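Asker: In our numbering, the protein residues as written are 181 to 570.
Even for Gly, the Cβ is constructed at its ideal location relative to N, Cα and C.
Quick caveat: nothing in here was measured; it's all calculated off a predicted structure.
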Amino acid sequence: MKLKNYKFYIVANTLVWPYKGNNMAGSMKNIFELIKVLDGYNIEHYFIGPQIAYSWLNYEGLRSNHLITSRIKNRPTFLFSWIWVTLMTLINPPKIKNNSILYSESEFLPNTIPIIRMKRKNKNIKWICCVRSLAPRQFYLKDFRFIKDCLYIFSQWLSAKIFIKYADLVFVVNSKIKNQMLSYGVPENKISIIDNGININLVNSISNNTEKMYDAVFIGRIMHHKGILDLIEIWSDVIKKIPQAKIAILGNGEDYYLDQIKSKISKYKLENHFLLLGFIGGKEKYKIIKKSKMLVLPSYLEGKPNAFNDAMSCRIPIITYQLDYYKEFYQELLNNVKVGDKEKFSKKIIELLSNNKERKKQGEQNYNFIKKYDWQVVINTNLNYINNIL
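1) The alpha helix (DSSP H) that contains Val353, what's its start and end?
2) Indicate the three-state DSSP secondary structure (helix, strand or coil) for Cys330 in the structure shown.
3) Mind checking whether Asp417 and Pro478 have CB atoms under 8 Å apart?
4) Using a Cβ-Cβ cut-off of 8 Å (strictly less than) and excluding sequence neighbours within five positions of Asp554, which residues of its own chain qualify?
5) So what does Gly229 bridge to, in DSSP terms?
6) Compute the Euclidean distance between the alpha carbons of Met361 and Tyr239, then round it to the nearest angstrom.
7) So, at 6 Å on beta carbons, what are the nonlocal neighbours of Ala135 in its own chain, with the 5 sequence-adjacent residues on each side left out?
8) If Ile566 sits next to Leu214, beta carbons under 8 Å apart, how far is it from one beta carbon to the other, in whole angstroms?
9) What runs of the beta strand (DSSP E), each 3 residues or longer, lie entirely inside the region 519 to 570?
10) By DSSP, does Leu462 sit in helix, in strand, or in coil?
11) Would you identify the three-state DSSP class for Gly220, choosing helix, strand or coil?
12) Quick check: the Cα distance between Leu438 and Ser446, rounded to an integer number of angstroms?
13) By DSSP, does Ala192 sit in helix, in strand, or in coil?
14) Would you call the region 399 to 410 and the region 422 to 434 touching, i.e. three or more CB-CB distances under 8 Å?
15) List the residues that DSSP assigns as beta-bridge partners of Leu282.
16) Do the region 283 to 298 and the region 306 to 317 meet, that is, are 3 or more Cβ pairs less than 8 Å apart?
17) So which of Gln542, Ile248 and Val476 has the shortest CA-CA distance to Glu502?
18) Identify whether Val265 lies in helix, strand or coil by the three-state DSSP scheme.
19) Once DSSP output is grouped into helix, strand and coil, what is the label at Phe288?
20) Since Leu382 is in the alpha helix (DSSP H), which residue starts that stretch and which ends it?
21) Can you tell me whether Glu523 is buried or exposed, with buried defined as 16 or more other CB within 10 angstroms of its CB?
22) Just tell me which of Glu482, Thr561 and Gln556 has its CA closest to the CA of Pro316.
23) Which whole-angstrom value describes the C-beta separation of Met474 and Ile441, a residue pair presumed to lie in contact below a C-beta threshold of 8 Å?
24) Under 8 Å, with one C-beta from each stretch per pair, do the region 524 to 536 and the region 487 to 495 reach the 3-pair mark?
25) Assuming Tyr501 is part of the alpha helix (DSSP H), what are its boundary residues?
26) Give the secondary structure of Ala347 by DSSP, where H, G and I count as helix, E and B as strand, and everything else as coil.
27) Give the secondary structure of Ile374 by DSSP, where H, G and I count as helix, E and B as strand, and everything else as coil.
28) Can you give me the start and stop residues for the alpha helix (DSSP H) that Ile414 sits inside?
29) Rounded to whole angstroms, what is the Cα-Cα separation between Ser235 and Asn536?
30) Taking 7 Å as the limit between beta carbons, can you name the residues of its chain near Ala487, skipping five residues before and five after?
31) Going by beta carbon distance, what residues of the same chain come within less than 8 Å of Tyr346, once the five residues before and after it are set aside?
32) In angstroms with no decimal places, state the Cα-to-Cα distance between Lys140 and Leu533.
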C-alpha cells in the first residue's frame with residue numbers, strides 16, 4: 181500500500197468548541213475510527229485545528245500530532261469563530277511535508293478555503309474532502325432559518341468550486357450528493373461514494389436479552405430538518421392507541437430549538453411519554469437502543485444516518501420518512517412513510533408495536549445486513565480509494 185509512505189493530515193478547523201461530554205458531532209466518529217486504523221498501519225498522522233478541538237481526541241483516548249490553527253477559546257457565534265479560524269489558518273498555515281495527504285472530514289469553508297494556500301505552497305500533497313449531507317433546500321419547513329441556510333447553500337457551492345481545481349478526491353455518502361456535486365462542476369472521476377460503519381464488536385458485547393423499556397428511540401442531533409417536531413404530533417396519536425407508550429430521545433441541539441420542542445411536548449401533554457435524554461455515546465447508547473423496540477427518524481433531509489447503523493446493529497426495525505436515496509443502500513429494509521405523512525407514520529408505529537414477531541424478524545434482517553459494515557472494513561475501503569490516486 182503506497183499510502184504507508186505518506187503523512188496523513190486530518191483537517192478539523194470547524195471544531196471551535198471543546199468536547200463537553202454531551203455534544204458529539206457525527207463526523208467526529210469517522211475521524212476517531214480513521215485514526216485508529218492509521219495507528220494500526222503505523223501511518224504518521226497530524227490533527228489540524230483550533231487548540232480546543234483536541235479535547236475531542238482526548239475524549240476517545242486518542243493521540244495525534246496537533247498542528248494548532250487558532251487559540252480561540254470562546255465562540256460568540258459559529259460565523260465569527262469560523263471566520264476567525266479560517267483567517268488565522270490562511271495567515272499562518274501549518275507546514276505540510278512532502279508526500280502528504282490532507283483529509284477534510286467536512287466541506288465547510290474553514291476546512292476548504294485554507295487548503296487553497298496549502299496546495300499552492302506544496303503541489304506534492306493530495307487533498308481528500310468528505311461531503312456527508314446537502315445544505316437544506318426545504319423552504320416549506322415551518323422553522324426554516326432562511327438566512328443561515330442560504331449561507332450554507334452558498335458555502336457548499338463555493339467549496340464545490342474549490343474542489344474542481346484543488347481536490348484530488350471527494351467522498352460523498354449517496355448519489356443525491358454526488359449529483360449535486362456534478363451539477364456544480366466537480367468531475368465525476370473525482371467523486372467516490374462511501375459508507376458509514378459500525379463497531380460491531382462493541383455492540384455485540386452488550387446483551388440482547390434486555391427488557392424493553394422504550395417503545396421507540398430517536399437518535400440524532402436535534403435540528404430543524406430532523407423532523408422531531410413532527411414526531412411530537414406523531415407520538416400524540418400513538419398514545420391514543422397505546423396510552424403508556426414512551427420514546428427516548430438521544431441527542432442535543434441548540435437551546436432555542438430545544439425550547440421549541442419542550443414547549444410543544446407540554447402543549448400535547450407528553451411530558452411522561454417523551455424522554456429527552458440528551459447526548460449519550462459508547463456502550464450506554466447501545467444499551468438504550470437495545471432496550472427500545474424500534475428506531476423512528478422522520479427526517480426531511482439526511483446523508484447516510486449513523487442512527488440507522490446503530491439501530492440495525494442492535495436488531496431493531498426502523499420507521500422513517502421515505503427519502504429517495506435511502507433505497508440505494510438500505511434496499512427494502514426500512515419502513516418508509518411519505519415525507520410529512522404524520523398520520524401514516526403513527527399508524528406504522530402502532531402496527532409494529534402490536535406485532536412482536538414482525539419486529540424481531542425485521543431486527544434480524546437489519547443485523548444480518550449491517551454486520552458487514554464494521555468500521556475496520558469501511559475505513560480500509562476508503563483508504564483503498566485514496567491509495568488509488570497516489
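Answerer: This is what the structure holds:
1) Mapped onto the sequence shown, residue 353 falls at position 173. Counting along the chain, Val353 sits inside no alpha helix (DSSP H), nor does DSSP assign it H or E at all.
2) Here residue 330 refers to the residue found at position 150 of the sequence shown. Cys330: helix per DSSP, three-state reduction.
3) Residue 417 sits at position 237 when you count from the first residue of the sequence shown. Residue 478 sits at position 298 when you count from the first residue of the sequence shown. Going by C-beta atoms, Asp417 is not nearer than 8 Å to Pro478.
4) Along the sequence shown, read from residue 1 onward, the residue named residue 554 stands at position 374. If we look at Asp554 and ignore the five residues flanking it on each side, its Cβ neighbours are Gly377, Ile378, Asn379, Ile380 and Asn381.
5) As a working note, residue 229 is residue 49 in the sequence shown. Looking at the DSSP assignment, Gly229 forms a beta bridge with Ile248.
6) Start at 1 with the first residue of the sequence shown, and residue 361 comes out as number 181. Start at 1 with the first residue of the sequence shown, and residue 239 comes out as number 59. Approximately 34 Å between the Cα atoms of the pair.
7) As displayed, the chain neither begins before 181 nor continues past 570, which places residue 135 out of reach and without an answer.
8) For the purposes of this step, residue 566 is taken as residue 386 along the sequence shown, with counting starting at 1. For the purposes of this step, residue 214 is taken as residue 34 along the sequence shown, with counting starting at 1. Contact flag wrong, Cβ pair sits at about 11 Å.
9) Segments of the beta strand (DSSP E) lying fully in the region 519 to 570: there are none.
10) Here residue 462 corresponds to residue number 282 of the sequence shown, with the count starting at 1. The displayed chain sequence assigns Gly, not Leu, to residue 462. Correct three-state label for Gly462: helix.
11) On the sequence shown, residue 220 is found 40 positions in, with the first residue counted as 1. Under the three-state reduction of DSSP, Gly220 is assigned to helix.
12) Translated into positions along the sequence shown, residue 438 becomes position 258. Translated into positions along the sequence shown, residue 446 becomes position 266. In this structure, the CA atom of Leu438 is about 12 Å from the CA atom of Ser446.
13) Counting from 1 along the sequence shown, the entry for residue 192 is found at position 12. Reduced to three states, the DSSP call for Ala192 is coil.
14) In this structure the region 399 to 410 touches the region 422 to 434; the number of beta carbon pairs closer than 8 Å is three or more.
15) Residue 282 sits at position 102 when you count from the first residue of the sequence shown. According to DSSP, Leu282 bridges with Tyr189 and Trp307.
16) Contact holds: three or more Cβ-Cβ distances are below 8 Å.
17) By one-based count along the sequence shown, residue 502 stands at place 322. Strictly speaking, residue 502 in this sequence is Gln, with Glu absent from that position. Per the Cα distances, Val476.
18) The residue given as residue 265 occupies position 85 in the sequence shown. Annotated three-state conformation of Val265 is helix, per DSSP.
19) Along the sequence shown, read from residue 1 onward, the residue named residue 288 stands at position 108. Coil.
20) Translated into the one-based positions of the sequence shown, residue 382 becomes position 202. Following the DSSP letters along the chain, one finds Leu382 inside the alpha helix (DSSP H) bounded by residues Ile380 to Asn384.
21) For this step, residue 523 is matched to residue 343 along the sequence shown. By the neighbour-count criterion, in which 16 or more other beta carbons inside 10 Å mark a residue as buried, Glu523 falls on the exposed side.
22) Position 136 of the sequence shown, counting from 1, holds the residue named residue 316. The candidate whose alpha carbon is nearest that of Pro316 is Glu482.
23) Counting from one through the sequence shown, the residue named residue 474 turns up at place 294. Counting from one through the sequence shown, the residue named residue 441 turns up at place 261. About 20 Å separates the two Cβ atoms, so there is no contact after all.
24) Between the region 524 to 536 and the region 487 to 495, the count of Cβ pairs shorter than 8 Å is below three; the stretches do not touch.
25) Along the sequence shown, one-based indexing puts residue 501 at 321. Per DSSP, Tyr501 lies in no alpha helix (DSSP H) segment; the continuous beta strand (DSSP E) that holds it begins and ends at Ile498 to Tyr501.
26) As a first step, residue 347 is located in the sequence shown; it is residue number 167 there, counting from the start. Note: Ala347 maps to coil in three-state DSSP.
27) Counting from 1 along the sequence shown, the entry for residue 374 is found at position 194. Coil, per DSSP.
28) Residue mapping note: residue 414 aligns to position 234 of the sequence shown, counting from 1. Its alpha helix (DSSP H) spans residues Ile408 to Lys421.
29) On the sequence shown, residue 235 is found 55 positions in, with the first residue counted as 1. On the sequence shown, residue 536 is found 356 positions in, with the first residue counted as 1. Straight-line Cα distance between these residues: approximately 43 Å.
30) Taking the first residue of the sequence shown as 1, we reach residue 487 at position 307. Cβ neighbours of Ala487 beyond the five flanking positions: Ile399, Gly400, Leu475 and Leu477.
31) Translated into positions along the sequence shown, residue 346 becomes position 166. Correct list, in chain order: Ile295, Ile296, Lys299 and Trp307.
32) The structure shown does not extend to residue 140, since the chain is modelled only from 181 to 570, so the question has no answer here.
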